[in-house]
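Peer 1: I have a structure here, written as structure tokens, and I will follow up with some questions on it.
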Amino acid sequence: MADPNKHVYRWGIDANGNDITEADASMNYVVGGKGANLAEMAKIGLPVPPGFSITCQTCVAYSGNDNTWPEGVYAEIDEAREDLENRMGKKLGDPKDPLLVSVRSGAPFSMPGMMDTVLNLGLNDESVQGIIEQTNNPRFGWDSYRRFIQMFSNVVMGVDADLFENAITQRKLAKGVKSDTDLTAEDLQELVAQFKKIFSENVDTAAHPEIVVDGVATFPQDPYLQLKLAIEAVFGSWMNERAILYRQQNKIPDDLGTAVNVQIMAYGNKGNDSATGVAFTRNPADGTREYYGDFLVNAQGEDVVAGIRNTQPIAELKEMEGLEEAGKQLDDIFELLENHYHDMMDIEFTIENGKLWMLQTRVGKRTALAALHIAIEMEKEGHITKEQAVTRVNPQQLDQLLHPQIDPNAQLDVLATGLNASPGAAVGEVVFSSADAVDFAEQGRPCILVRWETNPDDLKGMVAAEGILTSHGGKTSHAAVIARGMGAPCVCGAEALKIDAANKEVKISGTDVVLHEGDVITIDGTTGRVVLGAVELVKPELAGDLETILEWADEIRLDGSTGRVMGVRANADNPDDAKLSLDFGAEGIGLCRTEHMFLGDRKQIIQDYILSEDKDVKDRAVKALTEAQEGDFLQMLETMSGHPMIIRLLDPPLHEFLDSPRELAVEIAKLEAAQADPALIAEKTALLARIDAMAEANPMLGLRGCRLGIMYPELNELQVHAIATATAELKQKGLDPQPEIMIPLVSTAAELAVVRHQVENTIAQVEKETGVSLEIPIGTMIELPRAAVEAEEIGQFADFFSFGTNDLTQTTFGFSRDDVESAFIPTYLRKKLLPTNPFETLDPAVAKLVGMGVAGGHAAHADITCGVCGETGGDPDSIMTYYDLGLDYVSCSPYRVPIARLTSAQAKIKAAGNMGHQDK
1 MADPNKHVYR WGIDANGNDI TEADASMNYV VGGKGANLAE MAKIGLPVPP GFSITCQTCV
61 AYSGNDNTWP EGVYAEIDEA REDLENRMGK KLGDPKDPLL VSVRSGAPFS MPGMMDTVLN
121 LGLNDESVQG IIEQTNNPRF GWDSYRRFIQ MFSNVVMGVD ADLFENAITQ RKLAKGVKSD
181 TDLTAEDLQE LVAQFKKIFS ENVDTAAHPE IVVDGVATFP QDPYLQLKLA IEAVFGSWMN
241 ERAILYRQQN KIPDDLGTAV NVQIMAYGNK GNDSATGVAF TRNPADGTRE YYGDFLVNAQ
301 GEDVVAGIRN TQPIAELKEM EGLEEAGKQL DDIFELLENH YHDMMDIEFT IENGKLWMLQ
361 TRVGKRTALA ALHIAIEMEK EGHITKEQAV TRVNPQQLDQ LLHPQIDPNA QLDVLATGLN
421 ASPGAAVGEV VFSSADAVDF AEQGRPCILV RWETNPDDLK GMVAAEGILT SHGGKTSHAA
481 VIARGMGAPC VCGAEALKID AANKEVKISG TDVVLHEGDV ITIDGTTGRV VLGAVELVKP
541 ELAGDLETIL EWADEIRLDG STGRVMGVRA NADNPDDAKL SLDFGAEGIG LCRTEHMFLG
601 DRKQIIQDYI LSEDKDVKDR AVKALTEAQE GDFLQMLETM SGHPMIIRLL DPPLHEFLDS
661 PRELAVEIAK LEAAQADPAL IAEKTALLAR IDAMAEANPM LGLRGCRLGI MYPELNELQV
721 HAIATATAEL KQKGLDPQPE IMIPLVSTAA ELAVVRHQVE NTIAQVEKET GVSLEIPIGT
781 MIELPRAAVE AEEIGQFADF FSFGTNDLTQ TTFGFSRDDV ESAFIPTYLR KKLLPTNPFE
841 TLDPAVAKLV GMGVAGGHAA HADITCGVCG ETGGDPDSIM TYYDLGLDYV SCSPYRVPIA
901 RLTSAQAKIK AAGNMGHQDK
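Going by full-length UniProt numbering, the residue at position 512 of the sequence shown is 512; the numbering climbs one at a time, nothing skipped.
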């Protein structure tokens, strides 16, 4: 149980071998996910290096106090440090037998690679000699010290990491060796001296005056100062740019803070009977039940994820001399952790002189494909229920499966093959830096980010790119983990790529192909292939594990005996989209926007009707539009036979139907300059005058929606006549068309009453003409604040409400949805003036208006149907809110229908309080 006055929690054993762990897996919001799981592993008897966690709340207090320690906090940390020293019988900085620790971040939610870590802390010029004496291994001692100086200088002091890497590279070139492991103890000792010189020449002494000795910047030798500075740096990394961006991408709140975990070091770089690795209890790419991951012999953990050396697959660990027993023990721990957590786990481990140490476990990040398969398999194995299986799949991840893959019949010019790190296919132009990826994306040029290996600072470019391709790194490298989390296709470790980022080119070994920036390639993250040129991509199908999970979701969602049912419809304006919606499991159409049917060639007909002063021209326009609309609705209603289809009457801002006055004025000027036909010039000039006369200062708030039908009743009548006629014709053929007519942008009950009267009269006219009885519900779109507030009055004239959250958000905020996303929304998000983009995720104030509208509608008409058809109808977070608000359905774009089906089921499970992960 968390103590609000406690800042530090211990885990592991004391000097007598007794477990003194003070936290557990339930405390991830207190000691972070890493600390909570370290404590949990210690409790169940796994070999965890002892340590302690400084709480997330301490981080928040420290950051909120201008990066100053609140009173008494550091004294508690110092006490925990002293206790750890006593438990281990060693001291930090001891010249004979020093204690060395790692200092790692640990947020409540996994944020791989986004925050900072410091290893080997406690080394200095004296204690390195103690390590050498204790291990009788000079190479190990100097290697650990040079790693510590490099990491501490970069992470804590902000010295450019490339300065150290360049020094290592120059040393290897001078010695004629390829790998760091080929450097001798003497080489590494000389690198330590060189690294300290780099530190002194490049550290910001103004920011860190405490490291100035006799006027000279000196690498800190006091291990307690090292620890204090490292903890502060890890706290500070919570607000670094890449961490902030990652939280925005994954909707993690900024006010949670990160814990800091101080843990004794376990060394994987003590020789060939030592190793370090990252592994998963199942394949995180496709969900196969196999132990999956990478390890390196004689290395530290950062080497694995950094992609500096090519790794070995975890299956080979038990075959390595000196590592066999640890490999077998790791297999047993994989099984134990899955049975304990009932989930696929991500593990970090180190083997030190043959002894296995568990450094971390957490619920593993996985692709959508893997999430589906693992959830289904774990249900079959009895770990979890169907409800729990459905909650295990992140709806946002389904985008990975609902977008194109490489056409299996395509002819491929395969340039290279790497590791299939994150599935899906992407086509784009080659770029070699994160900044260039962002630039290309801003120009609307799809790109593939090609790197030797990515690092956390590349996150912006990874987000901007269509896919990621690296020449180094394994399936647990930074590129692979982040790409899988984002759902971006990724191919890692394509060793045939010889990348020259400075000259923006990559040579393909074994070929004469050289790719330059801007050349087009295709990557296939499902197979690991890299293909020259653009390859045809194909649309996905709902099949296999995805179909199974969605069937389970529907079974839960549509079971009226276990709670309220929320349906899923689609926004579709043409027969192809309507068919796609049904294929993806939509139960009807929640929004058919008829204005989309009036664009293209028909725009001229609308212009003739609106602008002409000649009655014959207007009559011909009405006849042409009626015939066209009857054909439209025949196709749509036939496709949707047996399913409800809400058809919104015409709702465009008027300027969308009229020519641009600026372009028309330019055209007239060109005609005049060319001395064109005076009659044509006169005709164009008269047209410009009529358009100018109808110009609106704010078309989005002008003559549109129900106002257009009130000003031009023929438009409503021709549309309703077409809908009703098509319905009657299909009913006569034995089909079951189910149209519902929606009146848009209503703000008063009187408006709705007038237009409803128009609609009912027209339907009655068609019944008389065809002899077919028609029952067509008539409702309205609630998309103005006044309509939501006055819903009880408006509801007296409506059979259904559909909430249009695009306009409701626009008019609630006073934002122009067409302008703000490029004008200031990004700045507002960055400055925390808004938590999310309100046009993507339902804003709380807009949600209150929706709630008022639902309540008012039901007060007027108990059986009224309430749905939503704005963009937020496909957003998982918003769908959760809509369920709580009592909506009967959500409507979204066809490709988001599966996402909405899954989320609606999850909302129902959450409302029932059945979100746990215990056994059946």
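Backbone N, C-alpha and C define an ideal beta-carbon position, used for all residues, glycine too.
Please read all numbers here as calculations on a predicted model, not as lab measurements.
#1: Report the residue ranges of all alpha helix (DSSP H) runs contained in full by the stretch 841-890; include only those spanning at least 4 residues, in chain order.
#2: Contact defined as beta carbons within less than 8 Å: I believe residue 395 pairs with residue 902. What is the distance between those atoms, to the nearest angstrom?
#3: Here's the rule I'm using: 16 or more other beta-carbon atoms within 10 Å means buried, otherwise exposed. How should residue 392 be labelled?
#4: Apply the 10 Å Cβ neighbour rule to residue 564 and answer buried if 16 or more other Cβ atoms are within range, or exposed otherwise.
#5: Following the continuous beta strand (DSSP E) through residue 583, name the residue where it begins and the one where it ends.
#6: Starting from residue 263, trace the alpha helix (DSSP H) in both directions and tell me its first and last residue.
#7: How far does the beta strand (DSSP E) with residue 349 in it extend, from its first residue to its last?
#8: Whole angstroms is fine: what's the gap from residue 38's alpha carbon to residue 357's?
#9: Quick one, which of 21, 717, 36, 586 has its alpha-carbon nearest residue 258's?
#10: When DSSP labels each residue in this structure, what does residue 274 get in the three-state scheme?
#11: Using the C-alpha atoms, what's the distance from residue 343 back to residue 721?
#12: If you count every other CB in all the chains shown that lies within 10 Å of the CB of residue 773, and 16 or more means buried, which is it?
#13: Output the residue ranges of the alpha helix (DSSP H) runs that lie fully inside the stretch 417-492 and measure 4 residues or longer, sorted by chain position.
#14: Comparing C-alpha positions only, which one of 274, 683, 613, 845 sits nearest to residue 320?
#15: Evaluate the contact criterion for the stretch 56-67 versus the stretch 376-391: three or more CB pairs, one atom per stretch, below 8 Å.
#16: Based on Cα-Cα distance, which residue from 264, 197, 47, 707 lies nearest to residue 88?
#17: Go ahead and pull the three-state DSSP assignment for residue 411.
#18: Once the 5 residues before and after residue 109 are set aside, which same chain residues still bring their CB inside 6 Å of it?
#19: Since residue 358 is in the beta strand (DSSP E), which residue starts that stretch and which ends it?
#20: Tell me which residues share the same chain as residue 390 and place their Cβ nearer than 8 Å to its Cβ, disregarding the 5 neighbours each side in the sequence.
#21: Do you know offhand how far residue 86's Cα is from residue 913's?
#22: If the criterion is Cβ atoms closer than 8 Å, does the pair residue 528 and residue 420 meet it?
#23: Cα-Cα, which of 568, 482, 728 is closest to residue 769?
#24: If you run the structure through DSSP and keep just helix, strand and coil, what is residue 740?
#25: Would you mind working out which of 286, 155, 425 sits nearest residue 377, comparing C-alpha positions?
#26: Would the stretch 90-97 count as touching the stretch 204-217 if we require 3 or more Cβ pairs under 8 Å?
#27: Compare the beta carbon distance of residue 121 and residue 225 with 8 Å and say whether it is the shorter of the two.
#28: Which class does residue 289 belong to by DSSP, given the choice of helix, strand or coil?
#29: From what residue to what residue does the beta strand (DSSP E) around residue 505 run?
#30: Give me the DSSP bridge partner(s) of residue 9.
#31: Please report the residue range of the alpha helix (DSSP H) in which residue 805 lies.
#32: Between the Cα of residue 827 and the Cα atoms of 524, 248, 21, which residue gives the shortest distance?
#33: Residues in its own chain within less than 8 Å of residue 885 by CB, not counting five upstream and five downstream?
#34: Going straight from the alpha carbon of residue 414 to that of residue 569, what length do you get?
#35: Go through the stretch 165-207 residue by residue and report every complete run of the alpha helix (DSSP H) that reaches 4 residues or more, in order.
#36: Which residues share a DSSP beta bridge with residue 781?
Peer 2: Once the coordinates are examined:
#1: Secondary structure remark: continuous alpha helix (DSSP H) runs of at least 4 residues inside the stretch 841-890, in chain order: 844-860, 876-885.
#2: 5 Å
#3: Residue 392 is buried by the Cβ-count criterion.
#4: exposed
#5: The continuous stretches of beta strand (DSSP E) do not include residue 583, which lies in the alpha helix (DSSP H) extending over residues 575-583.
#6: Element bounds for residue 263: not the alpha helix (DSSP H) but the beta strand (DSSP E), 259-264.
#7: Following the DSSP letters along the chain, one finds residue 349 inside the beta strand (DSSP E) bounded by residues 345-352.
#8: 11 Å
#9: 36
#10: coil
#11: Distance between the alpha carbons of residue 721 and residue 343 is about 57 Å.
#12: exposed
#13: 434-442, 459-464, 478-486
#14: Measuring from the Cα of residue 320, the nearest candidate turns out to be 274.
#15: no
#16: 264
#17: The answer is coil: DSSP assigns residue 411 none of H, G, I, E or B.
#18: 252
#19: For residue 358, the enclosing beta strand (DSSP E) covers residues 355-363.
#20: 375, 549, 552, 553, 556, 902, 905, 906, 909
#21: Spanning the two alpha carbons is a distance of roughly 45 Å.
#22: yes
#23: 728
#24: When DSSP states are grouped into helix, strand and coil, residue 740 belongs to the strand group.
#25: 286
#26: no
#27: no
#28: coil
#29: 505-508
#30: 53
#31: 805-813
#32: 248
#33: 847, 850, 851, 854
#34: 41 Å
#35: 185-202
#36: In DSSP, residue 781 forms a bridge with 802.
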